[in-house]
Structures are given as structure tokens and as C-alpha cells.
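What follows is a set of notes on a single structure, which appears directly below.
There are 2 protein chains.
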Amino acid sequence: MLTPRKRPRQQRSRETVAAILEAAAQLFQRQGHAATTTNQIAERAGVSIGSLYQYFPNKDALLVELADHHLNAAAEQIALVFTRAAEQRPALDRLLADLVRCVAALHTDRPDLHRLLFEEAPRTPELVARFRQAERLIASALAGELRRLGVGGPAPEMNALFAVQGIEAQVHGALLDPPAGTSVADCLRAVLLLWERALAEPYEHRRASSAP
Amino acid sequence: MLTPRKRPRQQRSRETVAAILEAAAQLFQRQGHAATTTNQIAERAGVSIGSLYQYFPNKDALLVELADHHLNAAAEQIALVFTRAAEQRPALDRLLADLVRCVAALHTDRPDLHRLLFEEAPRTPELVARFRQAERLIASALAGELRRLGVGGPAPEMNALFAVQGIEAQVHGALLDPPAGTSVADCLRAVLLLWERALAEPYEHRRASSAP
DNA sequence: CAATAATGCGAGCTATCCTCAGTTTTGGGT
DNA sequence: ACCCAAAACTGAGGATAGCTCGCATTATTG
Chain A
0 MLTPRKRPRQ QRSRETVAAI LEAAAQLFQR QGHAATTTNQ IAERAGVSIG SLYQYFPNKD
60 ALLVELADHH LNAAAEQIAL VFTRAAEQRP ALDRLLADLV RCVAALHTDR PDLHRLLFEE
120 APRTPELVAR FRQAERLIAS ALAGELRRLG VGGPAPEMNA LFAVQGIEAQ VHGALLDPPA
180 GTSVADCLRA VLLLWERALA EPYEHRRASS AP
Chain B
0 MLTPRKRPRQ QRSRETVAAI LEAAAQLFQR QGHAATTTNQ IAERAGVSIG SLYQYFPNKD
60 ALLVELADHH LNAAAEQIAL VFTRAAEQRP ALDRLLADLV RCVAALHTDR PDLHRLLFEE
120 APRTPELVAR FRQAERLIAS ALAGELRRLG VGGPAPEMNA LFAVQGIEAQ VHGALLDPPA
180 GTSVADCLRA VLLLWERALA EPYEHRRASS AP
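First to last, the protein sequences are chains A and B.
In terms of numbering that gives the first Met the number 0, the numbers along the first sequence are unbroken and rise by one, the last being 211.
In terms of numbering that gives the first Met the number 0, the numbers along the second sequence are unbroken and rise by one, the last being 211.
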């Protein structure tokens, strides 16, 4: 059982839970996950260790909850890109540019939290599942736009998912460990160009001179 | 200090280290990282806990060492793809097909170990750095081939790196969590097609002859 | 065959996660 | 206003895992 062991019903307990999460976020960011003890978190939150364990079954559950918040916030930002796309019906290059910019912003907005969740924390199955779910949500929205534009090949859903996974990995790499002698902006531009080329029509099969 | 605290100099100690790593691999795979204790590892390896800590400064160092072995094995497999490419000088689609097939094989060969290292284990900075290093090595080899083929855009190095990062993420996703109603083979084919399109030159279709 | 270095040992220290029995606070019913 | 069951809170301490350290054992050197 990784989900809360008890639901806070009164106002007081909801504040307790919020304080615990806030404290956990701060300490995890400052000291790392392993170096932070649950007693420290409780102390900083101004509650007893027992209260912490009334709402979180173990230390990792705090991480999962923080990740969930972060992913929801991210999904919201990305959703904004797609609602704007639904209104303005931009061309592929414009849409992808917005998407890449948004993904990059998600990394740079809270770099420490992002690094904590993606590079340091032990990944519980729970955490992995939530990440995958967010990925699919975004991919689904992107697939809709690809269909509207008549691009993305014969299976836009699949290609949209791969695009989301690829862009995430590439932007992540570009921001945390940019290739020597290249600006981050250049990297993002290059990523954008790659995906424009990968997804744009014509999508005819070029079997020019060699077998599969 | 995450690297070995003492180097094994005699045959006896080298065997001890090997036994410890073997035991660690087995137990980590069977029970997961967190559920495995260092005392269990020592016991299974047939050595005392003190001996373990003579060669590994902490529990995570075992993981780093296992990851290092795994990455070296992977790099070797991939290097094979590129030495063969150097001989046969295949076209882009053929080269990418080999690469994707090889990456997929690395995932399916030892799925439990791979999952351990990529999805469960806490990622120490050391571990992350080694991943990045392997990535760059492969990207560098790929960039060479792209240059030979005259594709990969104006900055083949950068695009090769993005391709490696993207392919890894996409193959990983396709194998561990394939989209509903799609076979793994279909996914891999789709990934391949995306990267063919992303990297191939649309404007200049000159068949490369011998320019470095 | 000393003498010295390398290796191996394992009881136990330290520190962390988490429990639980008991206390305090809250809010709805009378 | 008052009562009281449910909700919330408390913190000392149990259980356990990572890791240390002084000493025994085995190998290597001169």
C-alpha cells in the first residue's frame, strides 16, 4: 500500500499534510533523498513523526506524492500548449516549437525538483507508472494535432508517443549535460528540426537502394 | 569516494570480489535493490561482511560496478554494429536498422538486470555520469557514419547524440510498456522509420563516395 | 624462515525507519 | 452549553540495516 494510509478529513489535518509535503520538498531538494530523514521532515513541518506516518506509509510515498504534483503541474502546462493549438491551428513547425519550449521550461522552472525526481530518487513501480501515464496523455493530445495536420504517418498515435519520449529524453540531456561547444538554444533548435523532419509529410516509403 | 577503497592484488581477493558481485547481481535481481541487505550479499558470496566493505565503500558502489559491467557489455555489442558498418558501408536505413535491433537486444537479453539498473535503482551521480559517457561514445561512432553518408544535417555530432538518446528512450518504452494493440516489432519498425526520416538528407541525395 | 603486507573475519556501534499505546482536539447531536 | 466518539497528534523506543574496527589468518618478500 503506497497510497495514503489515512485520508485527512478535517482542515487541521489537511494543513498537516501540506506542511509535511512542503518540508519534504525543501529537504529533499537541499540534501538529497537518501540524506534526508523522516524525522527531519517531521521536525521541519512542525509535526511529530507519528503524524507523518499517519498519512504516508513510508518515506518513498512522500516522493511519489511530490512527483504526482510535479507531473500534474507539467501536464497542465502542456495542456495549455494544446488548447492554444486547438484555437490557433498552427502548422507543424510552430506546434513542435511550442511543445519543445514548454518541455524545456518544465525542466528549467524547478531544476532542483526535476533533478530530484528524475535523476536521484529511487523509482518505485508506482512512480514509473505515473510517469508513463503522463507521457501517454501528452502523446494522445499530440496525436490529435498530427491527425488534424494530416502528418505523423499511418499511425500518428504511435509516432506521437515516440516523439514525446524522444523530446523528453533529448531536452533532458540537452539541459543537464549539453554537448561541449553548443548552446542550449542550439540544441533545442536541433531537436525541433529533427522532429519536424521525422513527422512532416511526405511520408512515402523510400526504399531507395537497400533492403530492410 | 565511490570507487573501490582497496584494490585486490592477489588472486584470492580477486575471486572474493567476483563472488561478491555475482551474489549482488543475483540478489538485486531477485529481490530488488532496497530489499537486499549487504549482509545477505556477503553471506551468499561466502565471505564476511567485513570483506565486502574492504572492496566496496557502500551498498551503492555494488550497483555502480554492476552497471559499469553492463554498460561495457552493451558498448561492446554496439561497437560490433559499427565495425561491421565500417566494413560493409551500409546505407542509412540498414545502419539504423542494425542499431535499433542491437539496442532492443540489449534490453531483452537481460531484462531483469536492465530493469534493475534503469527503473529501480537510485541513480547516483556516478551512475548517471557513466550512462552519459556510454551515450556519447555510441553517438560519436554514429556521427562518423552519418558523416560518411553525408547525412545528419550540418551538425551530425549533435544529431547523432539526440538519435542515440531518442532511440534508447523509445526502444525502452516500446519493450517495457508497448502501446496497446501494437506488436513490439511494429514499434521498432516505426522508430526506425522516424529516424530514417529525421536524419536522411532530403535536398541533396548524393550517394556518398569517400569524403571523410 | 622471519618479517611484512594483504586479506579475511564478525560482533557490535550507530542511525534510521517506522510502530503503538496513550493524549489532545474537533465537531455534530442533544 | 455540554458530551463524547471519531479524528488527529504525540514521541519514546523497537526492529533492523549499513558500516566500522581491532584482531586473526594467509600470502609474499628478502
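We put the beta carbon where it would ideally sit given N, CA and C, even for glycine.
Check: Residue closest to B:Q28, alpha-carbon to alpha-carbon, out of B:T123, B:A73, B:F117 and B:R11; Outcome: B:F117
Check: Chain-order list of residues whose beta-carbon lies under 7 Å from that of B:V46 (same chain, five-residue window excluded); Outcome: T15, A18 and I19
Check: B:Q25 to B:R43 span [Cα, whole Å]; Outcome: 9 Å
Check: C-beta contact flag for B:A142 and B:A159 at 8 Å; Outcome: yes
Check: Beta carbon of A:L198 nearer than 8 Å to that of A:G151; Outcome: yes
Check: Nearest residue (CA-CA) to B:A189, options B:P155, B:V170, B:L115 and B:A140; Outcome: B:V170
Check: C-alpha gap between A:F55 and A:N71, whole angstroms; Outcome: 19 Å
Check: Neighbour flag for B:F27 against chain A, beta carbons, 8 Å; Outcome: no
Check: Alpha-carbon spacing of B:A34 relative to A:R146, whole angstroms; Outcome: 46 Å
Check: Nearest to B:L193 (by Cα), restricted to the options B:Q9, B:A162, B:R8 and B:T37; Outcome: B:A162
Check: Exposure label - A:T107; buried when at least 16 CB within 10 Å; Outcome: exposed
Check: C-beta atoms of A:A103 and A:L187 nearer than 8 Å; Outcome: yes
Check: Cβ of B:G45 within 8 Å of any chain A Cβ; Outcome: no
Check: 4 or more residues per run - each alpha helix (DSSP H) lying fully within the segment 10-34 of chain A; Outcome: 10-30
Check: Short Cβ contact (8 Å threshold) for B:I77 with B:I137; Outcome: yes
Check: Extent of the continuous alpha helix (DSSP H) to which A:P110 belongs; Outcome: P110 to R114
Check: Where B:D92 falls, given that 16 or more other Cβ within 10 Å makes a residue buried; Outcome: buried
Check: B:K5, DSSP secondary structure in three states; Outcome: coil
Check: Opening and closing residue of the alpha helix (DSSP H) in which A:V127 lies; Outcome: P124 to L148
Check: Integer-rounded CB distance, given that B:V80 should sit under 8 Å from B:C101; Outcome: 5 Å
Check: Interface positions of the segment 177-194 of chain A facing chain B (Cβ-Cβ less than 8 Å), listed along the chain; Outcome: P178, T181, D185, C186, A189, V190, L192, L193 and W194
Check: CB of B:G214 within 8 Å of CB of A:Q53, strictly; Outcome: Because chain B in this structure spans residues 0 to 211, residue 214 of chain B falls outside the shown range and cannot be described.
Check: Assigned exposure category for A:E200 - 16 Cβ within 10 Å defines buried; Outcome: exposed
Check: Minimum Cβ-Cβ distance from A:A18 to chain B less than 8 Å; Outcome: no
Check: Proximity below 8 Å, CB of B:D67 to CB of B:R129; Outcome: yes
Check: Closer than 8 Å to chain A by CB, B:Q169; Outcome: yes
Check: Buried versus exposed call for A:E86 [16 or more other C-beta atoms within 10 Å across all chains shown]; Outcome: exposed
Check: Of the residues B:E167, B:V183, B:E21 and B:E156, the one placed nearest A:P177, counting alpha carbons only; Outcome: B:E156
Check: Test item: CB-CB of B:A23 and B:L65 under 8 Å; Outcome: yes
Check: Whole-angstrom distance between B:L115 and B:L51, CA atom to CA atom; Outcome: 21 Å
Check: Continuous alpha helix (DSSP H) stretch holding B:D185: start and end; Outcome: V183 to L198
Check: Closest by C-alpha distance to B:T252, when choosing among A:S182, A:A154 and A:Q132; Outcome: Because chain B spans 0 through 211 in this model, residue 252 of chain B falls outside it and cannot be assessed.
Check: C-beta atoms of A:V183 and A:L175 nearer than 8 Å; Outcome: no
Check: CB contact check: A:V102 to chain B, cutoff 8 Å; Outcome: no
Check: Euclidean distance between Cα positions of B:L62 and B:D111; Outcome: 14 Å
Check: Beta-carbon proximity check, A:A133 vs A:A74, cutoff 8 Å; Outcome: yes
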